[in-house]
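A quick write-up on the structure given underneath.
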Amino acid sequence: MNRMRAVLGVDVPIRAVFEAPTAARLAERVGTHRRSSRPALRRAEGRPERVPLSFAQQRVKFLDELEPLPTYHLPFVVRLRGEVDVAALASALRDVVVRHESLRTLFVADDQGVAAQVVVPEESVVLDVPVRDVAPDAVTATVSEEVSRPFDLSAELPVRARVLRCAPDEHVLMLLMHHIVVDGESFGPLTRDLATAYSARRRGESPRWDELPVQYADYTLWQRRLLGDTDDPESPVADHLAYWRQELDGVPQPTRLPLDRPRPPVASHRGDTVTFALDPDVLTAVEELARAQGATVPMVLQSALAVLLHLMGGGDDLPIGSAVAARTDDALADLVGFFVNTWVLRADLSGDPSFEDLVRQVRDKAVHAYDRQDLPFEWLVEALNPERSTAHHPLFQVAFFWEKGTGDLELDGVRATPEPVVTGTAKFDLLFHVEEPHHEGRRAGQGLSGLVEYATDLFDRATVTALADRFARLVRELTARPRNRLHAVDALTPAERNVLRDINDTTAPTPAVTVSALFERRAAEAPDAVALVHGAESLTYRELNARANRLARALVRRGVGGESPVAVAVPRSPEYVMTVLAVLKAGGAYVPLAPDDPAQRLESMLRDARPALLVTTSGAAADLPETGCPRLVLDDPGTAAAVSGEPADDLPDAGRPDRLAYIIYTSGSTGVPKGTGVSHQAVVDLAADRGWAGGAHERVLLHTASTFDVSGYDMWVPLLAGGTAVVAPPGKLDVDTYAALVAEHRVTGLTLSAGVFAVVAEERPDSFAGVREALTGGEPVAPEAVARVLRACPGTTVVNGYGPTEATVFVTCHRIAAADRVGAVIPIGRPMDNTRVHVLDDLLRPVPPGVEGELYLAGSGLARGYEHRSGLTAERFVACPFGPPGARMYRTGDVVTWAADGELVYKARADDQLKIRGFRVEPGEVETALMAHPRVAGAAVVPRETPGTGGRQLVAYVVPPTDPGGGEAGGAAASGDGAAAAPAADELRAHVARRVPPYMVPAAFVTLDAFPLTRHGKVDRRALPSPPSPEPRHPTALARPRTATERAVAAIWAELLGRDEIGVHEKFFEAGGTSLSLLTLGRRLSGLGPHQVSLSALFEHTTVEAMARLVDDRPDRETTDEMGYEL
1 MNRMRAVLGV
11 DVPIRAVFEA
21 PTAARLAERV
31 GTHRRSSRPA
41 LRRAEGRPER
51 VPLSFAQQRV
61 KFLDELEPLP
71 TYHLPFVVRL
81 RGEVDVAALA
91 SALRDVVVRH
101 ESLRTLFVAD
111 DQGVAAQVVV
121 PEESVVLDVP
131 VRDVAPDAVT
141 ATVSEEVSRP
151 FDLSAELPVR
161 ARVLRCAPDE
171 HVLMLLMHHI
181 VVDGESFGPL
191 TRDLATAYSA
201 RRRGESPRWD
211 ELPVQYADYT
221 LWQRRLLGDT
231 DDPESPVADH
241 LAYWRQELDG
251 VPQPTRLPLD
261 RPRPPVASHR
271 GDTVTFALDP
281 DVLTAVEELA
291 RAQGATVPMV
301 LQSALAVLLH
311 LMGGGDDLPI
321 GSAVAARTDD
331 ALADLVGFFV
341 NTWVLRADLS
351 GDPSFEDLVR
361 QVRDKAVHAY
371 DRQDLPFEWL
381 VEALNPERST
391 AHHPLFQVAF
401 FWEKGTGDLE
411 LDGVRATPEP
421 VVTGTAKFDL
431 LFHVEEPHHE
441 GRRAGQGLSG
451 LVEYATDLFD
461 RATVTALADR
471 FARLVRELTA
481 RPRNRLHAVD
491 ALTPAERNVL
501 RDINDTTAPT
511 PAVTVSALFE
521 RRAAEAPDAV
531 ALVHGAESLT
541 YRELNARANR
551 LARALVRRGV
561 GGESPVAVAV
571 PRSPEYVMTV
581 LAVLKAGGAY
591 VPLAPDDPAQ
601 RLESMLRDAR
611 PALLVTTSGA
621 AADLPETGCP
631 RLVLDDPGTA
641 AAVSGEPADD
651 LPDAGRPDRL
661 AYIIYTSGST
671 GVPKGTGVSH
681 QAVVDLAADR
691 GWAGGAHERV
701 LLHTASTFDV
711 SGYDMWVPLL
721 AGGTAVVAPP
731 GKLDVDTYAA
741 LVAEHRVTGL
751 TLSAGVFAVV
761 AEERPDSFAG
771 VREALTGGEP
781 VAPEAVARVL
791 RACPGTTVVN
801 GYGPTEATVF
811 VTCHRIAAAD
821 RVGAVIPIGR
831 PMDNTRVHVL
841 DDLLRPVPPG
851 VEGELYLAGS
861 GLARGYEHRS
871 GLTAERFVAC
881 PFGPPGARMY
891 RTGDVVTWAA
901 DGELVYKARA
911 DDQLKIRGFR
921 VEPGEVETAL
931 MAHPRVAGAA
941 VVPRETPGTG
951 GRQLVAYVVP
961 PTDPGGGEAG
971 GAAASGDGAA
981 AAPAADELRA
991 HVARRVPPYM
1001 VPAAFVTLDA
1011 FPLTRHGKVD
1021 RRALPSPPSP
1031 EPRHPTALAR
1041 PRTATERAVA
1051 AIWAELLGRD
1061 EIGVHEKFFE
1071 AGGTSLSLLT
1081 LGRRLSGLGP
1091 HQVSLSALFE
1101 HTTVEAMARL
1111 VDDRPDRETT
1121 DEMGYEL
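Read in the UniProt record's numbering, the sequence shown has 505 at position 505, and its numbers run on one by one without any break.
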């Protein structure tokens, strides 16, 4: 293109060459193009006093000042074998520096900090070329040391030279240049000029070469004239910017990659490289595909890289940076300088294209980019103004560079061989660098050699080695079958497939019986073994079985039969265990209810479950809504007498392990709770898992809320194995009470939600002494909490357990027995018995290790589905393509990765679902409750982390209607002068508390005029503002502490809540406290005075003033009805 412009005087776009690939057809196209209007590039007749930096130089200079790293150092290292005239070589190097002004340019800032190019006069150029004796095995270290030494660009030449002498006939030439004056294309003219000068100096002559038509300073001045004015719509720069604005609008940032570590806030740019090769036959296939599609070899390789990133979890919209020479004038061909520009390929892999479709797409985008390569990348970044971050490169984080070779150095009498250099730096997350083979190499059957430069902040060497190998394999596969659709491309290697097959080989025999039959078997085997302990009371298996049999017969008389749902609203006690066991013996399925849930929610669950009977106690019955469902009150004298009169022997067992055992309700995204139905076989298989063997779960603490599916572990793991369930007292447990229970009853196994585990680990890590296995989970577990427990209790193993309600409590687990084995992230482990786990992409293809995918579960533990929700069941329980016909798998919505060691690591949710203190929360249910308020037109609920061990809390954002009549119900409400006032936080809190359980009530409420929206018109949850610090509710709330105890209490509050000042009348939960932080508060308050402060008392005494009275053991004047939480 440059030659045609120079000789023929016409501008021919690069795309014309692809559209008219023969000389004849191109000649026809040339005749249709107008004369070139580009300004001519010539030597400037008069340079200004201060020559500005080129646009590319400005960015590099900024980065160098920001952090002077060797990232932008370009080394040229060659091993010279033969007789080297070192003096001639030194003179020749100086000749080259004199010939190219860029190599003798300083960058000097004025008083305003604006740098300019200052060219050192020829006669003042001093280039030292020291010779240093170095052992052959020390060359690499010496080069690396020199490469890492920074340049002072304002005071020294941006080029250094060294000669390392390894032997009399073996030297290493090291030429180090700063990128601000040189690029990859510069090595061609540089090596040619150096060879010419060396030959002349060996003869004792000065080199004779044609004068360069222009110097870099001339280019810098011409560059500004070339682009024109951004305000001129007809200017080249306006055209270029318009194209790129459209092409890169909304480009996703940053690209999702299989990182080994979280991205640090500031990239260090430390890096390393791994090499790879493409065999000659693969190169031939690449060339053939390129010819067939009217493309180039680099375009085919760029397309393959896009497929690789897609398969590695990058998605369908993939920005890839690429270098373009940007020597758009023939006068620049032989000039050393920094001309290279960067363009962004945005590959669209949506719609499942074939590989040849993708190659054509990349070709078209590339030629459009080449025609606009004059636009500096720096201008593009400024114009698009993406969100800037010190953590990653703007617009793209993965790049592909095609290099024509660094230039062959041919010195008289010397054999020169390029030496690989590792700079220890990385400009991008990943840079795939492929070098074009020399003509001699092609004749010798050479393929392609390449390397991947990677950021060591993010990747391990093994990960990038696997990536490079996968890229080479993928290029072979794609070019062999270019018409195949991308969905047919296998992301896994055969070895990876074998590993996943082995991980999922979990089949283990379990008894094909019902829960009740297995319990009866244990009662027959050891009738006098202790089944339940509750305070000083204990029940043997014989006693518990007899009581459950009597109650079961009473249930049958009340109409309970095969799979009849039976609502159970009985506080935590031996009677609760007896009741659910009786329901199962009667053939029914128990539905646990929490009497303190809002009446509206209980009504909704009872309507949906359609229970044949509601079993409760007189104390709990008063809080239950009247729905017309028949009731059986256990402690009613008449009921007790009738039950005691029933026979105590076992009932006939229906013998169907697939029948329904229980229904547990969880939060529903539509605003209505959904009931998950679990079979007997699923419960039996959970209890029979080999992971519980060894005695660690002989005495298990039964303390989890019955409406939380983990209570199934508390109850059935010990009871179906002949162990003992230690039943905690009803109500709320503080940390010390919990620790006392564990110690007094010699608990060997227990489970806690991750939030509660963190609090106990912080306050009383010794609580786990004697516990052989402590399970935790429900949400990500804090590594430091695990380490603290293991340090305090060396005999304890912490188990991170994972499992949704839909897969019967636990499906994977990861055991840690020593504090020094705790990593930065606690994995969720490997599948348990009879469970299979699949990490899949959007096309249900298994993903490679390190790649994020959605977790799907299969196996005997899967729930039957959602009761009375066939549509939702079909949506979440889908056909399993990896099992036998009819097999199902559950789509969890959890995003995970496979670690290199075969462990699963939790990453995030694929939807909006949250976990609060281990409980599942669908924001949609809370939002629906909010929207039921007449003065709320829009609602959004998001989680926020609280200080210390407070865990997560919900924050609700509401938009009032545009008029007092209500406005639009939902969506992003617009603000306006007629907007109605939003309800106060207290009013909203009370409104929501009547509809959802306590853990789903937001801790803070924020009113907005309108929601921030994404470009697709959805609420941008990430852009929602942080809630302000809680404001005092009334003037007296600002009252400062008056007594020493109040001051001490206020100080503890301030630390836990991250506040500077606390008023004595503020309420703990309204000030930002959570139930988890209340556990910590109770422990610390107990240390202020002579008396233990109970957790239940803190739920009733929620101000600083009231808590100080508790500490001082004085009766409080008032209490509150703050909602509680069960530990």
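All residues carry an ideal CB built from backbone N, CA and C; glycine is no exception.
As the structure is a computational prediction, the values presented were derived from the model and not from experiment.
Ranked by how close their Cα comes to the Cα of Arg909, the residues Pro68, Val921, Gly902, Ala900 have Val921 in first place.
When the beta-carbon positions are compared, Leu80 and Val414 come within less than 8 Å of each other. Considering only Thr463, Leu194, Asp912, Leu448, the residue with the shortest C-alpha distance to Tyr454 is Thr463. Taking 4 residues as the minimum length, the alpha helix (DSSP H) runs contained wholly in the stretch 659–726 are 680–687, 711–719, in order along the chain. C-alpha of Glu1100 to C-alpha of Phe1068: approximately 11 Å in a straight line. Close CB contacts of Trp692 within its chain, under the 6 Å cut and outside five residues either way in sequence, are with Val717 (chain order). Beta bridge pairing from DSSP links Ala569 with Thr616. The beta carbon of Val97 sits closer than 8 Å to the beta carbons of Leu103, Arg104, Val125, Leu127, Leu157, Val159 from its chain, once the five residues preceding and following it are set aside; these are given in chain order.
By the 16-neighbour rule on beta-carbons within 10 angstroms, His393 is buried. With contacts defined as CB atoms closer than 8 Å, Arg201 and Ala88 qualify as a contacting pair. Scanning Trp244, Gly535, Thr284, Ala167 for the CA closest to the CA of Tyr370 turns up Trp244. For Pro592, the enclosing beta strand (DSSP E) begins and ends at 589–592. Comparing C-alpha distances from Glu520 to each of Met578, Ala1108, Leu305 shows the shortest one belongs to Met578. Runs of the alpha helix (DSSP H) spanning 4 or more residues and lying entirely within the stretch 456–533 occur at 461–480, 494–503, 515–525, in chain order. Around the beta carbon of Gly795, fewer than 16 other beta carbons sit within 10 angstroms, so the residue counts as exposed. DSSP places Lys404 in the coil class of the three-state scheme, outside both helix and strand. Within the same chain, Glu185, Phe339, Val340 come within 7 Å of Ala325 by CB-CB distance, once the 5 residues on both sides are set aside. Secondary-structure assignment with DSSP links Met832 through no beta bridge to anything. Across the set Asp1113, Asn484, Leu719, Glu525, the C-alpha of Leu719 shows the shortest separation from the C-alpha of Val515. If you draw a straight line from the Cα of Arg550 to the Cα of Val513, it comes to about 21 Å. Here Ala594 is near Ala705, since their CB atoms are less than 8 Å apart. In the DSSP annotation of this structure, the continuous segment of the beta strand (DSSP E) that includes Phe919 starts and ends at 919–921. Taking a cut-off of 8 Å on C-beta distances, the stretch 327–338 does not touch the stretch 259–267, as fewer than three cross pairs fall below it. Secondary structure note for Tyr957: its beta strand (DSSP E) is the uninterrupted segment 952–959. The beta-carbon distance between Val362 and Ala217, rounded to whole angstroms, is 36 Å. This is too long to meet the 8 Å contact definition. Shown here, Arg256 sits in coil according to DSSP, grouped into three states, outside any helix or strand. DSSP, read as helix, strand or coil, puts His393 in coil.
If the five residues before and after Ala887 are omitted, its C-beta is found closer than 7 Å to the C-beta atoms of Ala858, Cys880, all from its own chain and listed in chain order. Here DSSP, grouped into helix, strand and coil, assigns Ser235 to coil. Assignment of Arg165 by DSSP, reduced to helix, strand and coil, places it in the strand class.
Excluding the 5 residues flanking it on each side, Thr805 has same chain C-beta neighbours closer than 6 Å at Ile664, Thr666, Thr676, Asp709, in chain order. Taking a cut-off of 8 Å on C-beta distances, the stretch 250–264 touches the stretch 310–319, as three or more cross pairs fall below it. Burial check for Phe107: the Cβ neighbour count within 10 Å reaches 16 or more, so the residue is buried. Straight-line spacing of the CA atoms in Ala612 and Met715 works out to 24 Å. When DSSP reads this structure, Arg815 sits in a beta bridge with Val799.
DSSP, read as helix, strand or coil, puts Ser322 in strand.
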